[in-house]
Every structure is written in structure tokens, then in C-alpha cells.
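Novice: Below is a structure I'd like to ask you about.
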Amino acid sequence: MAPQYLDTAEGRRIAYHKSEGQGPTVVFLGGLKSDMEGTKALFLEAWAQARGQAFLRFDYSGHGMSSGRFEGGSIADWHEDTLAVVDRLTEGPVVAVGSSMGGWQALLLAKARAARIAGLVTIAAAPDFTEDGYWANFTDAQKAELAARGQVELPSDYMEPYVVTQRMIDDGRRHLVLRSELVLPFAVRCLQGTDDSAVSTQTALALLDHARCADMRLTLVKDADHRFSDPACLDLIRAAVEELCQAGAGLGSAD
Numbered sequence: 001m002a003p004q005y006l007d008t009a010e011g012r013r014i015a016y017h018k019s020e021g022q023g024p025t026v027v028f029l030g031g032l033k034s035d036m037e038g039t040k041a042l043f044l045e046a047w048a049q050a051r052g053q054a055f056l057r058f059d060y061s062g063h064g065m066s067s068g069r070f071e072g073g074s075i076a077d078w079h080e081d082t083l084a085v086v087d088r089l090t091e092g093p094v095v096a097v098g099s100s101m102g103g104w105q106a107l108l109l110a111k112a113r114a115a116r117i118a119g120l121v122t123i124a125a126a127p128d129f130t131e132d133g134y135w136a137n138f139t140d141a142q143k144a145e146l147a148a149r150g151q152v153e154l155p156s157d158y159m160e161p162y163v164v165t166q167r168m169i170d171d172g173r174r175h176l177v178l179r180s181e182l183v184l185p186f187a188v189r190c191l192q193g194t195d196d197s198a199v200s201t202q203t204a205l206a207l208l209d210h211a212r213c214a215d216m217r218l219t220l221v222k223d224a225d226h227r228f229s230d231p232a233c234l235d236l237i238r239a240a241v242e243e244l245c246q247a248g249a250g251l252g253s254a255d
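Numbered according to the UniProt record's numbering, the sequence shown spans residues 1 to 255.
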């Protein structure tokens with residue numbers, strides 16, 4: 001099926017697929033340079049449709065079928081995209097499911113729309129990665145290149161090299177979530193593989209330690225990698241999302 005499109009106040013055209021159903025609405029937030037056609041997004045959509053659960057997946061600007069170039073984007077742009085689709089395409093409670101960079105976006109969404117969040121599931125969440133992953137590991141030569149050219153290319157285990165811009169670094173610093181109080185007044189389930197070469201278990205533990213949350217659990221899966229998409233991992237994702245949907249069902253309806 002062809003996607004639908006949402007035109008945002010910032011002039012971006014965001015591609016999305018929405019399945020109507022009972023609330024809360026499950027919103028899938030993908031990773032950096034990923035799109036809404038990934039294994040986890042499609043798996044959750046099929047699960048949601050089978051049980052009549054409201055579900056939404058979308059592409060950030062510069063990703064997939066949405067407008068814009070990836071190299072021109074930043075954490076704030078993708079946060080604005082997330083707010084636009086949640087505010088305009090959903091009603092009532094939301095269970096946010098954030099994968100990798102989408103985990104950071106889910107936390108930013110939770111800070112901005114705490115009253116709308118019925119629960120949060122993160123999968124290999126990468127909060128603050130522009131600072132703790134990119135900048136902290138740049139060599140002096142890479143920092144000099146970034147200053148001179150405004151961008152630097154980094155190799156990726158999964159696809160073509162990432163282009164990291166000075167704007168992404170600067171903008172990321174304005175949206176860090178592990179340097180100030182992070183209150184999550186709802187249930188949170190964090191999933192993390194121990195063989196993840198992109199996001200370490202230390203990052204998952206840092207988030208667990210930093211957040212103020214009365215019901216937050218971290219599940220470590222031995223030997224699971226960053227994709228977290230084999231049948232056993234997908235079943236863990238389903239179970240976590242289903243648990244939070246059942247807990248949040250009494251908070252409102254997406255019909």
C-alpha cells in the first residue's frame with residue numbers, strides 16, 4: 001500500500017501508515033537512516049492489526065519516503081516530525097516504541113507530551129549518541145574536518161557511511177536527555193542485546209540509572225545484535241508492547 005502524507009508546519013512532507021483500532025495507539029519510532037519498512041515496524045503493525053490495536057509508523061524527514069535529505073536533518077527536526085505525527089494523527093494515550101535513535105526520540109516525546117504517554121518501550125536505545133557516540137570518539141583529525149567542511153563521514157556496519165554534520169552535533173547538544181532530570185511517569189520497558197556493536201549495554205544501564213521512573217525494567221538478551229530482529233527478539237518486543245497496551249487500555253480510546 002502507498003503511504004499517506006502529512007504536511008508539517010515546518011514545511012516537511014512526512015510519509016506514514018496508520019492502522020485504526022482500539023487505544024492506546026502504538027507509535028513506532030525508527031532508528032537513524034532506517035525507515036518504516038523495517039522488520040520491527042512491519043512486525044508490530046501486523047500484530048496490531050491482528051488484535052485491532054491502533055498503530056502508526058512513519059518516516060522522519062530525510063528518511064524513507066518523506067521529504068528532505070538526510071544530511072540536512074538533525075535531532076530537533078526529527079523531534080518536530082514526531083510531535084507533528086503524534087499531535088495530528090493520534091488521539092488519546094500513546095505507547096511509544098523507539099528503536100536506536102528512535103529511543104532518544106521517544107524520550108524527547110515523553111518529555112514534551114508526558115500526559116499522552118501510556119507506556120514506553122525502547123529497543124537498543126541510543127540517547128545522546130551524537131555527543132557520547134560521535135563527538136566523544138572523534139579523532140582530532142575528524143574534529144578538524146568537521147570544523148573545516150561542516151561534516152565528516154563515518155563507516156557503518158549496516159549500510160553506507162553516515163554523514164555527520166556540525167549541525168547534528170550542535171543540535172544534539174541542545175537535546176541531551178542524560179544530563180538533566182528525566183522523569184518518566186509511566187511504565188518503561190528497555191530491551192538491549194549484549195552483542196550490539198552500535199549501542200553498548202553501558203548506555204542501557206546509564207539510562208536505567210538516570211531516569212526517574214517507578215516502573216522501569218531493562219532486559220538484556222545475550223548475543224543479540226543491534227538489529228534485535230530475530231524471532232526471539234521480536235517476541236520480546238511484542239510482549240513488552242502488549243503488556244503496556246493492556247495496562248494503558250483504560251486510559252482512553254483511539255477510536
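Virtual Cβ for every residue (Gly too), placed ideally from N, Cα, C. For clarity, every value in this text was computed on a predicted model and none was experimentally measured.
Do the CB positions of C190 and L207 come within less than 8 angstroms of each other?
Specialist: Contact: yes.
Novice: Relative to the alpha-carbon of G31, which residue among L236, R227 and A240 has its alpha-carbon at the smallest distance?
Specialist: Per the Cα distances, R227.
Novice: On a CA-only basis, which of A148, T82, V177 and A204 is nearest A15? Give me that one, please.
Specialist: It is T82.
Novice: So for E153, helix, strand or coil by DSSP?
Specialist: Reduced to three states, the DSSP call for E153 is strand.
Novice: Closest by CA to G73, which one among A211, G172 and L184?
Specialist: Among A211, G172 and L184, the Cα nearest to that of G73 is on G172.
Novice: Please check the pair Y122 and A110, which I expect to be a contact at CB under 8 angstroms, by giving their CB distance rounded to whole angstroms.
Specialist: Tyr is not the amino acid found at residue 122; the sequence shown has Thr there. That belief does not hold up - the Cβ atoms of T122 and A110 are roughly 10 angstroms apart, past 8 angstroms.
Novice: Near Q151, what residues of its chain come up, given a Cβ to Cβ distance below 6 angstroms and the 5 sequence neighbours on each side ignored?
Specialist: The residues are V163 and T165.
Novice: What three-state label does DSSP hand T82 in the structure shown?
Specialist: T82 falls in the helix class under three-state DSSP.
Novice: Determine the direct distance from the alpha carbon of L218 to that of K143, and round the result to whole angstroms.
Specialist: About 34 angstroms.
Novice: Taking the C-alpha atoms as reference points, what is the distance between E181 and G98?
Specialist: Each residue's Cα considered, the two are about 20 angstroms apart.
Novice: Suppose you measure from the CA of A141 to the CA of R149; what does that come to, to the nearest Å?
Specialist: Those two C-alpha atoms are separated by around 12 angstroms.
Novice: Starting from F186, trace the alpha helix (DSSP H) both ways and give me its first and last residue.
Specialist: That residue, F186, is in no alpha helix (DSSP H); it is neither H nor E in DSSP.
Novice: In or out: T139 buried (at least 16 other Cβ within 10 Å) or exposed?
Specialist: Counting Cβ neighbours within 10 Å, T139 comes out exposed, since fewer than 16 surround it.
Novice: Identify whether L107 lies in helix, strand or coil by the three-state DSSP scheme.
Specialist: Helix.
Novice: What three-state label does DSSP hand H175 in the structure shown?
Specialist: Coil at H175, not helix or strand.
Novice: Does DSSP put D255 in a helix, a strand or coil?
Specialist: Unreliable positioning characterises D255 in this predicted model, as indicated by a pLDDT of 42, which lies under 50. A coordinate reading is not provided.
Novice: Would you tell me roughly how many angstroms separate the C-alpha atoms of T39 and D235, rounded to the nearest one?
Specialist: Using only the alpha carbons, I get a separation of about 12 angstroms.
Novice: Relative to the C-alpha of R57, which candidate in W78, E45 and A50 has its C-alpha closest?
Specialist: Considering only alpha carbons, the answer is E45.
Novice: Provide the residue span of the alpha helix (DSSP H) that contains K40, from first to last.
Specialist: Element bounds for K40: T39 to R51.
Novice: If you draw a straight line from the alpha carbon of A187 to that of R116, how long is it in whole angstroms?
Specialist: When rounded, the distance between both Cα atoms is 13 angstroms.
Novice: DSSP has V97 in a bridge; who is on the other side?
Specialist: Partner(s): F28 and V121.
Novice: By the three-class DSSP mapping on this structure, what secondary structure does G102 have?
Specialist: Of the three classes helix, strand and coil, the one that applies to G102 here is helix, per DSSP.
Novice: Please list the terminal residues of the continuous beta strand (DSSP E) segment that includes L220.
Specialist: It spans M216 to V221 - the beta strand (DSSP E) in which L220 sits, taken as one unbroken run.
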